[in-house]
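In our numbering, the protein residues as written are 22 to 360.
All residues carry an ideal CB built from backbone N, CA and C; glycine is no exception.
Structure record follows, encoded as structure tokens.
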Amino acid sequence: MMQRMVYDYYGLYVEEQFQVGRYTGFATKDANYLFVPESQENTSLWEEKLQWAQVMRQGDQTVALFIPSIQKNRSITLDGEKQLLFQLYVEKTRDDGTEEYNGSELATFHNQGMVMFPPVSSELFVQRWSEWWEKRLEQLENWYQSVKTKPAFSLMDRWFIKTFPYYLGMTENAIQCLKAIPVHERTEEAGCISHFCYTPAAWVTIAPNTRPIKLPSDWLYDHPTRDIAEWMRYAMEQGYSHTQIENFVQSYERHNQVTSFGWDLIIGRLLFPYYYLEQMEQTYLRENIGTMEETLYHLEQSWEKEGTRLEQIASLKEIFPYHFQKLPDWLLGRGVSFL
Numbered sequence: 022m023m024q025r026m027v028y029d030y031y032g033l034y035v036e037e038q039f040q041v042g043r044y045t046g047f048a049t050k051d052a053n054y055l056f057v058p059e060s061q062e063n064t065s066l067w068e069e070k071l072q073w074a075q076v077m078r079q080g081d082q083t084v085a086l087f088i089p090s091i092q093k094n095r096s097i098t099l100d101g102e103k104q105l106l107f108q109l110y111v112e113k114t115r116d117d118g119t120e121e122y123n124g125s126e127l128a129t130f131h132n133q134g135m136v137m138f139p140p141v142s143s144e145l146f147v148q149r150w151s152e153w154w155e156k157r158l159e160q161l162e163n164w165y166q167s168v169k170t171k172p173a174f175s176l177m178d179r180w181f182i183k184t185f186p187y188y189l190g191m192t193e194n195a196i197q198c199l200k201a202i203p204v205h206e207r208t209e210e211a212g213c214i215s216h217f218c219y220t221p222a223a224w225v226t227i228a229p230n231t232r233p234i235k236l237p238s239d240w241l242y243d244h245p246t247r248d249i250a251e252w253m254r255y256a257m258e259q260g261y262s263h264t265q266i267e268n269f270v271q272s273y274e275r276h277n278q279v280t281s282f283g284w285d286l287i288i289g290r291l292l293f294p295y296y297y298l299e300q301m302e303q304t305y306l307r308e309n310i311g312t313m314e315e316t317l318y319h320l321e322q323s324w325e326k327e328g329t330r331l332e333q334i335a336s337l338k339e340i341f342p343y344h345f346q347k348l349p350d351w352l353l354g355r356g357v358s359f360l
């Protein structure tokens with residue numbers, strides 16, 4: 022069925038179909054293509070991202086090329102979901118996927134994205150992050166009060182009631198870290214194209230020893246340290262060594278130096294309990310009941326590892342003693358109490 026739709030809408034002959042993570046792709050005689058879900062984003066967001074991608078491709082051919090349908094539509098419905106089609110440029114590399122390569126590749130990507138945006142007051146990023154976190158926290162706090170009044174509790178409700186006060190305090194600590202950044206550090210900073218949540222999986226590799234493909238689906242405008250912090254969060258969750266984390270950062274900074282202000286943003290973002298808030302929003306905002314049992318299991322696992330997570334953040338001072346001087350005293354003293 023897909024072969025027929027690809028021909029009808031794009032005039033392309035499918036020779037082979039493949040799967041890359043959550044994406045469906047196909048090969049023709051001359052090129053590789055990937056379908057990317059349109060998700061629920063509005064038209065203006067996708068238009069902006071496609072414009073960014075067009076500019077980024079001028080300096081990086083591994084940015085996927087958007088292909089409109091013959092009818093000039095942005096997307097088609099495939100398997101019951103609206104999807105956009107992108108052509109992939111596969112470039113061979115001798116690299117083996119080390120942290121050094123990933124860091125330098127991310128820095129190069131950020132530098133290319135900075136060209137599109139003028140420097141702005143760094144206060145913008147402090148406000149942007151803290152206000153968004155405050156909004157999400159307020160929403161969770163309203164749910165917390167509502168859940169406590171239920172006549173009967175689900176297992177997820179009980180877990181939420183038990184853990185929310187702790188994560189409330191942790192989020193407030195992260196916000197305070199941002200607001201405590203000294204005024205003299207708040208000069209002009211360059212924003213760039215970043216990712217909603219950057220991990221090695223944010224870029225797609227369709228074959229061994231090839232450069233990763235950059236899809237614009239989760240791009241946004243933000244400070245470059247957003248991606249660095251989320252990569253570090255992922256690295257600690259996956260048990261990366263200090264050497265691996267240091268190699269990533271050093272290779273990044275060879276192309277794009279992180280400012281003192283940027284390091285303060287990293288500290289605040291690492292303290293922010295991203296995974297917890299994201300999962301609770303999935304549960305109570307989107308009422309995603311179907312995966313609640315699995316979600317609860319992963320949240321409980323995350324809770325059990327919370328002490329380790331804080332120790333890992335504190336240990337970053339051993340790798341970057343100058344940059345992590347401003348870690349909170351309560352974290353360095355390991356004076357963390359659990360419920």
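Item                                                                                                                                                   : Value
Looking at the structure shown, is GLN300 part of a helix, part of a strand, or coil, going by DSSP?                                                   : helix
Less than 8 Å between the CB atoms is what I'm expecting for LEU106 and PHE56, so what's the real figure, rounded?                                     : 6 Å
Of the choices GLY134, ILE288, SER151, GLU274, whose alpha-carbon is the least far from that of ILE196?                                                : SER151
Got a sec, what are the start and stop residues for the alpha helix (DSSP H) TRP252 sits in?                                                           : 246–258
Beta-carbon within less than 6 Å of PRO58's beta-carbon, same chain only, minus the 5 sequence neighbours each way: which residues are those?          : GLU102, GLN104
Keeping to the same chain, check which residues put their C-beta closer than 7 Å to that of ASN277; ignore five residues upstream and five downstream. : ALA128, HIS131, ASN132, PRO245
In terms of residue numbering, what span does the alpha helix (DSSP H) encompassing GLN40 cover?                                                       : Unbroken run through GLN40 is the beta strand (DSSP E), 37–41; no alpha helix (DSSP H).
Can you have a look at VAL27 and say buried or exposed, based on whether 16 or more other CB atoms are within 10 angstroms of its CB?                  : buried
Starting from the Cα of LEU320, find the closest Cα among LEU298, HIS205, PHE341 and give me that residue.                                             : LEU298
How big is the Cα-Cα spacing for ASP100 and MET22?                                                                                                     : 10 Å
Let me make sure I understand the geometry here. Which of SER90, GLN346, ALA211, LYS235 has the alpha-carbon closest to that of ILE202?                : GLN346
So, GLN108 versus ILE88, is the Cβ gap smaller than 8 Å?                                                                                               : yes
Per DSSP, what kind of secondary structure is SER215 in: helix, strand or coil?                                                                        : strand
Using beta-carbon positions only, say whether GLY212 and PHE138 come within less than 8 Å of one another.                                              : yes
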